[in-house]
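The sequence shown runs 404 to 558 under this note's numbering.
This report refers to the structure that appears directly beneath it.
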Amino acid sequence: MQRLLFGGVYGSVLASALAAALGHEGRPPDPGYDALWVALTAVASAAAHGYAHSIAHRTSDETQVTVSAVRSMLTEWPLVAAMVPTMAVLLGAYANWWGEESAIEVALSINMVALFGWGVWAARVAGRGWAASFRVGGVDVLIGLLIVIANVLSK
């Protein structure tokens, strides 16, 4: 449960930061490339995080370390899954369903709602009441809002 919650929050924050950072500096938008970039970053982040866990718990048997590293990387799937909505919205822009700027705004909104949900769920799992859980969800939303504010200020 802990990895699911961690991966969900971490993936939602990472997806928001990546979406907010998308810029083309005078070139035409390419949401297909951007969706691929987000996907590759999701997989690389999950692999790096899983590998770091494996290295932190290194054993003397090198064979087990390799198996342990692969197993640990695969358990980071919640981080990748949390980034799927951002990739999907960008792929929708690639399919010309909407513009990339709209896709980024929608992705940031989806991720803020997800952050609220992850916060509420984590607090409920920890045994907190509904009011306290909503406060935790609200604090998680503040992380998303900071990314949105940074996005607005940087453009």
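Here a beta-carbon is modelled for each residue, glycine too, at the ideal position from N, C-alpha and C.
Excluding sequence positions up to five away, which residues of its chain have a Cβ less than 6 Å from the Cβ of Ala525?
Leu408
Please list, in chain order, all residues of the same chain as Glu503 whose beta carbon is under 6 Å from its beta carbon, the five residues on each side excluded.
Pro432, Pro434, Ala496
Excluding the 5 residues flanking Gly411 on each side, which residues of the same chain have their C-beta closer than 6 Å to its C-beta?
Pro481, Ala485, Trp521
Secondary structure at Arg430, three-state DSSP: helix, strand or coil?
coil
In the DSSP assignment, find the unbroken alpha helix (DSSP H) run with Leu499 in it and report its ends.
Here the sequence assigns Asn to residue 499, which means Leu is not the residue at that position. First-last for Asn499: undefined, no H or E at that position.
Ile507 beta carbon less than 9 Å from that of Val483:
no
Please classify Glu479 as buried or exposed, where buried requires at least 16 other C-beta atoms within 10 Å of its C-beta.
The residue is buried, with at least 16 neighbouring Cβ atoms inside 10 Å.
What did DSSP end up calling His460 once you bin it into helix, strand or coil?
coil
Which listed residue (Arg430, Trp500, Gly414) has its alpha carbon closest to that of Ala445
Gly414
Give me the Cβ distance between Leu494 and Ala529, rounded to the nearest whole Å; I'm assuming they're in contact under 8 Å.
Not really, about 35 Å apart at Cβ, beyond 8 Å.
Cβ pair Leu511, Ala424 closer than 9 Å:
With respect to Ala424, Leu511 sits apart: the two C-beta atoms are not nearer than 9 Å.
Tell me which residue opens and which closes the alpha helix (DSSP H) that Gly532 is part of.
Element bounds for Gly532: n/a, residue is neither H nor E.
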